[in-house]
Amino acid sequence: MTILNDIIQGILLGGLFALFACGLSLMFGVMDVINLAHGDVAVAGVYLAVVLIPASHIPALWIFVLVVPAFMIGGYLVQRYLLQPSLDSGAITTLLVTFGLSIVLENVLLEVFTANSYSLNVGSLVSSSWQVSSQISVPYLDLVILGVAIVVLVALQLFLVRTRTGRLVRAVADDREAAELVGANYRHLFAVAAALAFGTVAFAGLALGAYTQVSPTAGPTYLLYGFEAVVIGGLGSLWGTLAGGLVLGVATTLGSQVDPNLGSMLPHLVFLFVLAVRPRGFFPKRAVT
Amino acid sequence: MSALLEVSDLSVHHGQLEAVRSVDLTVTAGEIVAMIGANGAGKSTLLRTIAGLHTPSRGTIHFDGRDVTGLPVHARVAAGIALVPEGRHMFGSLSVEDNLIAGAYSRRRGPWTVDKVVELFPWIGERRRQQAWQLSGGEQQAVAIGRALMSNPRLLLLDELSLGLSPIALGRIYAVLPELVSAGLGVLLVEQDVAQALSVAARVHCLLEGRQRLSGRPSELSMSEIEAAYFGTGRAAASVGEAQ
Amino acid sequence: MSDLALRPERVAAEPVFVVSRSRRPASWAGVLGIVLVVLLAVMPYVVYQSLTSTLVNFFILVTIATMWNALAGYAGLVSVGQQAYIGVGAYAVLIAAQHGIEPFVAIFIAVGVSVVLAYPVSFLVLRLAGAYFAVATWVLAVVAYLLVLRYPSLGGGTGAPLPGLGNIGATLLGAYTYWAALAVAVLAIVAVYLLLRSRLGLVLTAVRDNEVGARSIGSRVTGAKRMVYMLAAGGCAGAGAMIAISQLNVQPGNVFNVQWTAYMIFAVLIGGLGTIEGPIVGSIVFIVLQQTLAQYNAWYLIILGAVAMAIAIWARRGLWGTLVSKVPIHLFPVGYYVHAEPGVTERRGLARLLFGPARRAKRHPTAPTPSGPTPSGR
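From first to last, the protein sequence lines stand for chains F, V and E.
For the first sequence, the residue numbers in the working numbering are 121 to 409.
For the second sequence, the residue numbers in the working numbering are 1240 to 1483.
For the third sequence, the residue numbers in the working numbering are 66 to 443.
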């Protein structure tokens, strides 16, 4: 029965990984950019919350109301004024610029907040759990995080399918020139995609901060988990991304059953295995749907 | 009657190569103008430059009396220029209907709606919910034209409609053009299929290696003149059939 | 300097076309380089140890930057996981020293182990392109780090001191370390230089300019990339070994830190990607800024990162590339030049050895063509 419990915990953790992954997947699908600073952006979200909670008197559970919009604006501006110029000068440049952004962000956080870890106190959610049976208990916080992940994924999906701008974000992923020819400024659409990615990763960061202690150097770990979920689940498919996140989550909890070190390593090994068998993941690249 | 589109002394470079050399051209509302020429004559480049996808090295483009030479593509769409690109460029993962709705992204006011487009091309009606990549070439071409019409353009640029289409599909699409023009739309079309172009156009220009070699009304031009302009000097008559 | 003169007949005053590897400044640079290395080699006798230990860090940086430049600048492989091989090198020295092998000797073992390890790994990662390659190399580095943590004999997460150097006096050890780091850096540069001058270098230049085209002419593209990947693994392991020796202990969190990759990328971008001189120039800028801003913690790295990003976007050629575009000098000639030579006379003796066989009456403003090699010249 403890195996079953581990799998359930893993699935719940997978929601968190999927939250990290969906923004990466979106930016990769729309503009062929892997933002290597993705994890650090999430960590920056935690630190922004740490600053804003006492200043605004908003409880930690609701601080996303401020953090997520701030990050969406930030994502728009970063794409428009940093990543777009780098895209114009070549794909390698973009990769290097996002890596540079990652290192710079990490070191700025280290300088401002020192190497101390922070977490977000979301109150009674952390301590209480739902006792399903004598062996299986599900912490409410984990449930809430999985719920948030699903809500965010569904909202993203609805935006992309139902709205005028979302439809064009999908269109520009299919064919940039044709999108220009229907009157869209692709730079704006790229920036919208980046805004969505930054918004979702802000959610991911806040969820992470509620779940565990976060240090300024935690970013790359979650970037890697996010990328792995994208590759395992198949590019461009948000539901595939969720599936990829769940696989990684279960790998983590099952590995941790042996020892904590294996818990960290097993998701990476699963990813490397997938990469060895199918370098492009289990689904060929297609547009965001 | 003032011109809707006025291109003067337009030159376009692809790197070292001068693809379009000093071309002058006008299109008035309610008129079909055809641009013919062999492969690589610079027709598509000219059309794409008018749409804003290439930057000219010299010359100006005026639309409705306004200089649009420096405007980006999306601003020209907003002004009323729509290009149906060669190869159709569908949004493959979007449904046919979403492709058409996406065409209205610029929010220009006008008569075109998804239903109107389906009325114009009834055969795409039953495929509204299908993804665009599943359609045949002729169906995609219709959707591409419909998508361009959804931006309620005043000038429609058509690039190589005949490429890869069956004669039946092509006939259906060309049959629609007079109806569009009678509503006041200006059309500039690029064709390799000379007979097709001559049959619909009010005026024809022939490009050879980027230069304008011949201009006039189809009725005023003799077949040998066109032939000479198309190939550069008079070549064997057998080649004309090949070109058509 | 392996000049190849295409002259049908020796006719005085007729222009003669000469295809050569180098132009005169490069020959002088060879002499200058040897002088510089000799000067650097005597440094421990004349300066304080604080300066030589800064220079050790400089040599380590030059080594890894040169390796990353070979990967990204010539083979088009953007790795963010070179810290894997730095760690492997450091731990190879540690394990060897724990088994009684002299650490300085173990540098060779570290390089060898790393190159051998890189061979099978290359089959996994070289199938990947762009961001996939980058992230996969990063994941491999994390896995290597986590694997090391599993061995208590290596000190787990806290690391272990490096044994075997306690019987050498501090001053002498400092000097040995300095010379070893200098040797590793010089060998790294020479190895990349020789690789680029070899037939493989032509393939790499073709790949850099147009990968599809290079494949279509049947170049052994993957083989060339594999060579560079293994070379970079060996070079980074050499640097890792020097980190272990200069710090006298090996910490997994240090040697496997992704910041090493940041250092090499920033140095290369600032100096100039795709030139041998660039990483050296970038490393000088890096170390100078690090020393100048030493009291402000990591701010030097933040500034370097911001500058590197700006250069990557708006001045792609970096400091050296920009300089070269204004003044055509190449200290390490890896391209070919074709120039008309009026009044060529033969050189003899030492002059021929140093400057090549052809003497020219005066220098010509011929445009350098580093990316236009002529294979027929070989």
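Glycine included, every Cβ here is placed at the ideal spot set by N, Cα and C.
Open item on the list: Which residue wins for smallest C-alpha separation from residue 1332 of chain V, given the options F:130, F:370, F:337, F:290?
Closed with: By 1-based counting over the second sequence, the position of residue 1332 of chain V is 93. The candidate whose alpha carbon is nearest that of residue 1332 of chain V is F:290.
TODO: Using a cut-off of 7 Å between C-beta atoms, extract the partners of residue 391 of chain F located in chain E.
DONE: The residue labelled residue 391 of chain F in the question sits at position 271 within the first sequence. Residues of chain E with a Cβ closer than 7 Å to the Cβ of residue 391 of chain F are, in chain order, 204.
TODO: May I ask you to report which of helix, strand or coil DSSP gives residue 1444 of chain V?
DONE: Within the second sequence, residue 1444 of chain V is the residue found at index 205, counting from 1. Correct three-state label for residue 1444 of chain V: strand.
TODO: Hey, could you find the ends of the beta strand (DSSP E) residue 1371 of chain V is sitting in?
DONE: If you number the second sequence from 1, residue 1371 of chain V lands on position 132. Segment: none, residue 1371 of chain V is in no beta strand (DSSP E) and carries neither H nor E.
- [ ] Pick helix, strand or coil for residue 316 of chain F, following the three-state DSSP scheme.
- [x] Against the first sequence, residue 316 of chain F aligns to sequence position 196. Residue state, collapsed to three classes: helix.
Open item on the list: Contact criterion: CB-CB distance below 8 Å. Does residue 177 of chain F meet it with respect to chain E?
Closed with: The residue given as residue 177 of chain F occupies position 57 in the first sequence. No, because no Cβ of chain E sits closer than 8 Å to the Cβ of residue 177 of chain F.
Open item on the list: Please list, in chain order, the chain F residues whose beta carbon lies closer than 8 Å to that of residue 145 of chain E.
Closed with: Translated into positions along the third sequence, residue 145 of chain E becomes position 80. Within chain F, the residues near residue 145 of chain E are 156, 219.
TODO: Examine chain F for any beta-carbon lying closer than 8 Å to the beta-carbon of residue 172 of chain E, and answer yes or no.
DONE: Taking the first residue of the third sequence as 1, we reach residue 172 of chain E at position 107. Not an interface residue.
Open item on the list: Tell me the residue span of the beta strand (DSSP E) that contains residue 342 of chain E.
Closed with: Here residue 342 of chain E refers to the residue found at position 277 when the third sequence is read from its first residue. Where residue 342 of chain E is concerned, there is no enclosing beta strand (DSSP E), although the alpha helix (DSSP H) around it starts and stops at 342–357.
Task: Beta-ladder partner(s) of residue 1322 of chain V, from DSSP - done: As a first step, residue 1322 of chain V is located in the second sequence; it is residue number 83 there, counting from the start. V:1396.
- [ ] Return the residues of the stretch 355–369 of chain E that lie within a Cβ-Cβ distance of less than 7 Å from chain F, sorted by chain order.
- [x] Correct list: 362, 363, 364, 366, 367.
Open item on the list: My parser needs the alpha helix (DSSP H) runs of 4 or more residues fully inside the stretch 114–201 of chain E; what are they?
Closed with: Annotation: the stretch 114–201 of chain E contains the following complete segments of the alpha helix (DSSP H) (minimum length 4 residues), in chain order: 114–134, 148–163, 168–190.
- [ ] Could you confirm whether any beta carbon from chain F is found closer than 8 Å to the beta carbon of residue 157 of chain E?
- [x] Stepping through the third sequence from its first residue, residue 157 of chain E is reached at position 92. It does not; no Cβ of chain F falls within 8 Å.
Task: Reduced DSSP category for residue 1311 of chain V - H, G, I as helix; E, B as strand; rest coil - done: Reading the second sequence from its first residue, position 72 is the one you call residue 1311 of chain V. If DSSP states are grouped into helix, strand and coil, residue 1311 of chain V belongs with coil.
TODO: Report all residues from its chain with a CB closer than 6 Å to the CB of residue 176 of chain E; omit the five preceding and five following residues, and keep chain order.
DONE: Reading the third sequence from its first residue, position 111 is the one you call residue 176 of chain E. 299, 302, 303, listed in sequence order.
Open item on the list: In this structure, how does DSSP classify residue 263 of chain F when only helix, strand and coil are distinguished?
Closed with: Sequence index remark: in the first sequence, residue 263 of chain F carries index 143 (1-based). Look at residue 263 of chain F here: in three-state DSSP terms it is helix.
Open item on the list: If the criterion is Cβ atoms closer than 8 Å, does the pair residue 1404 of chain V and residue 1423 of chain V meet it?
Closed with: Here residue 1404 of chain V corresponds to residue number 165 of the second sequence, with the count starting at 1. Here residue 1423 of chain V corresponds to residue number 184 of the second sequence, with the count starting at 1. Contact flag unset, no.
Task: Beta carbon proximity, residue 398 of chain F to chain V, threshold 8 Å - done: Locating residue 398 of chain F in the first sequence gives position 278, where the first residue counts as 1. Put simply, the CB of residue 398 of chain F is far from chain V, with every gap to its CB atoms at 8 Å or more.
Task: CB contact below 8 Å: residue 1413 of chain V versus chain F - done: Taking the second sequence and counting its residues from 1, one reaches residue 1413 of chain V at position 174. It does not; no Cβ of chain F falls within 8 Å.
Task: residue 382 of chain E in three-state terms, based on DSSP - done: Indexing the third sequence from 1 puts residue 382 of chain E at position 317. Three-state DSSP puts residue 382 of chain E in coil, outside helix and strand.
TODO: Could you check what DSSP says for residue 376 of chain F in three-state terms: helix, strand or coil?
DONE: Here the question's residue 376 of chain F lines up with position 256 in the first sequence. Correct three-state label for residue 376 of chain F: helix.
Open item on the list: Quick check: is the beta carbon of residue 371 of chain E nearer than 8 Å to any beta carbon in chain F?
Closed with: As a working note, residue 371 of chain E is residue 306 in the third sequence. So yes, residue 371 of chain E belongs to the interface.
- [ ] Quick one: which residues of the stretch 196–219 of chain F get their C-beta closer than 7 Å to a C-beta of chain E? List them in chain order.
- [x] So the close ones are 205, 206, 209, 211, 212, 213, 215, 216, 217, 219.
Open item on the list: Could you check whether the Cβ of residue 207 of chain E sits closer than 8 Å to any Cβ belonging to chain F?
Closed with: For the purposes of this step, residue 207 of chain E is taken as the residue at position 142 of the third sequence. Yes, contact with chain F.
- [ ] Find out if the Cβ-Cβ distance for the pair residue 397 of chain E, residue 246 of chain E is shorter than 8 Å.
- [x] Taking the first residue of the third sequence as position 1, residue 397 of chain E is located at position 332. Taking the first residue of the third sequence as position 1, residue 246 of chain E is located at position 181. No, Cβ-Cβ distance for residue 397 of chain E and residue 246 of chain E is not below 8 Å.
TODO: Rounded to whole angstroms, what's the CA-CA distance from residue 211 of chain F to residue 147 of chain F? Just pull it up for me.
DONE: Within the first sequence, numbered from 1, the residue matching residue 211 of chain F stands at position 91. Within the first sequence, numbered from 1, the residue matching residue 147 of chain F stands at position 27. Their backbone Cα atoms lie some 13 Å apart in a straight line.
TODO: Have a look at V:1397, V:1463, V:1262 and flag the residue whose alpha-carbon is nearest the alpha-carbon of residue 1273 of chain V.
DONE: By one-based count along the second sequence, residue 1273 of chain V stands at place 34. Residue 1273 of chain V has its Cα closest to that of V:1397, out of V:1397, V:1463, V:1262.
Task: Stretch pair the stretch 391–398 of chain F + the stretch 149–161 of chain F: three plus CB contacts closer than 8 Å - done: The stretch 391–398 of chain F makes no contact with the stretch 149–161 of chain F, as fewer than three CB pairs between them are under 8 Å.
Open item on the list: For the stretch 274–294 of chain F, list every residue whose C-beta sits within 8 Å of some C-beta in chain V, in sequence order.
Closed with: Against chain V - using a Cβ distance shorter than 8 Å - the residues of the stretch 274–294 of chain F are 284, 287, 288, 290, 291, 293, 294.
TODO: Please confirm if the stretch 163–176 of chain F is in contact with the stretch 323–337 of chain F, defined as three or more CB-CB distances below 8 Å between the two stretches.
DONE: Yes, since at least three Cβ pairs between the stretch 163–176 of chain F and the stretch 323–337 of chain F fall closer than 8 Å, the two stretches touch.
Task: Neighbouring residues, chain F, relative to residue 1292 of chain V (Cβ below 9 Å) - done: Against the second sequence, residue 1292 of chain V aligns to sequence position 53. In chain order: 297, 300, 301.
TODO: Check the Cβ-Cβ distances between residue 315 of chain F and every residue of chain V, and say whether any is below 8 Å.
DONE: Along the first sequence, read from residue 1 onward, the residue named residue 315 of chain F stands at position 195. The beta-carbon of residue 315 of chain F is placed no less than 8 Å from the nearest beta-carbon of chain V.
- [ ] Return the residue from the list V:1326, V:1287, V:1335 that minimises the CA-CA distance to residue 1316 of chain V.
- [x] One-based indexing of the second sequence puts residue 1316 of chain V at position 77. Looking only at V:1326, V:1287, V:1335, the smallest Cα-Cα distance to residue 1316 of chain V is reached by V:1287.
- [ ] Quick one: grab the DSSP three-state call for residue 1328 of chain V.
- [x] Against the second sequence, residue 1328 of chain V aligns to sequence position 89. Coil at residue 1328 of chain V, not helix or strand.
Open item on the list: Alpha carbons only, please: which of V:1460, V:1325, V:1292 is nearest the one belonging to residue 1438 of chain V?
Closed with: Taking the second sequence and counting its residues from 1, one reaches residue 1438 of chain V at position 199. For residue 1438 of chain V, the closest C-alpha among the options V:1460, V:1325, V:1292 is that of V:1460.
Task: Contacting positions in the stretch 1241–1254 of chain V - beta carbon closer than 8 Å to chain A - done: Among the chains of the structure shown, chain A does not appear; the protein chains present are F, V and E.
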